[in-house]
Amino acid sequence: MHYIDINTYSRKWIFTHASMPVPAADLVQIHPLTQARSATLWREHISAQSPDADHFGQGDWPAQDKCWIDSVDWQDAWDHDDDNALPEALAAFLAWEDNTPVYFCYEKYNLIETRWDVFKRHWKNFLFFDDGPILIAKKQTQAVWFQSDGTCRIGHRGSSD
3 MHYIDINTYS RKWIFTHASM PVPAADLVQI HPLTQARSAT LWREHISAQS PDADHFGQGD
63 WPAQDKCWID SVDWQDAWDH DDDNALPEAL AAFLAWEDNT PVYFCYEKYN LIETRWDVFK
123 RHWKNFLFFD DGPILIAKKQ TQAVWFQSDG TCRIGHRGSS D
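Using this note's numbering, the first residue of the sequence shown is number 3, and each one after it goes up by one.
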């Protein structure tokens, strides 16, 4: 089994917080991965050498400026939009099918798998922790690297995948 029960996930509260609870029908679609599975996916799709965004080095595609095409503000929408819509620039850039499996990668041992439609509806919950997580989909090249300053970099994963 590659998943841990959401009820035992250390950050479960981000999905059950009173101000933004995720409905049960969507909560069952949010799958925290085991540390072993997280590490494997991180190594395959993010970095073979760095444990988190603070330690990316030259060999890591996220550290390569050529992978990033733009910077987008997400904080304003997080703070002020009551409809929970993903910021327009992100929605336009990530034109994935709703059933696309996506991975929200906090760090090497902490990844969450869900579907794109679930992430779009509840992206604010995922960003309660905004210390460098990266959003990817295995079979897509687009990536988003969220920064704690309220911006994110959008681009395409490098050839090291």
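Quick reminder that beta carbons are idealized off the backbone N, C-alpha and C, glycines included. Just so you know, these numbers come straight off a predicted model, no measurement behind them.
Asked	Found
Where D81 falls: helix, strand or coil (DSSP)	helix
Span of the beta strand (DSSP E) around T18	First-last for T18: W15 to T18, but that is the alpha helix (DSSP H), not the beta strand (DSSP E).
Start and end residues, beta strand (DSSP E) containing F148	Q144 to F148
For D163, three-class secondary structure by DSSP	With a pLDDT of only 41 at D163, under the threshold of 50, the placement of this residue in the model should not be trusted, and no figure is reported.
Buried or exposed by the 16-neighbour rule on C-beta atoms within 10 Å, applied to W15	exposed
The segment 45-60 touching the segment 125-135, judged by at least three CB pairs closer than 8 Å	yes
Option in K126, S150 and C154 with minimal Cα separation from D85	K126
Which of helix, strand or coil DSSP assigns to W118	helix
Minimum length 4: unbroken alpha helix (DSSP H) runs contained in the segment 60-108	77-82 and 90-95
F95: CB within 7 Å of a non-hydrogen atom of the ligand GTP	With respect to small molecules bound, the structure shown includes none, and the ligand GTP cannot be examined in it.
Simplified DSSP state of I8, which is helix, strand or coil	helix
Contacting residues, own chain, Cβ-Cβ under 6 Å from V146 (five flanking each side not counted)	L137, C154 and I156
Distance between D100 and P89 (C-alpha atoms, nearest Å)	16 Å
W42, DSSP secondary structure in three states	Here the sequence assigns Thr to residue 42, which means Trp is not the residue at that position. Looking at T42 - three-state DSSP - the assignment turns out to be helix.
Pick from A41, F95 and H47 that is closest to P64, judged by C-alpha positions	H47
Supposed contact pair I114 and H33 - C-beta distance, whole angstroms, cut 8 Å	7 Å
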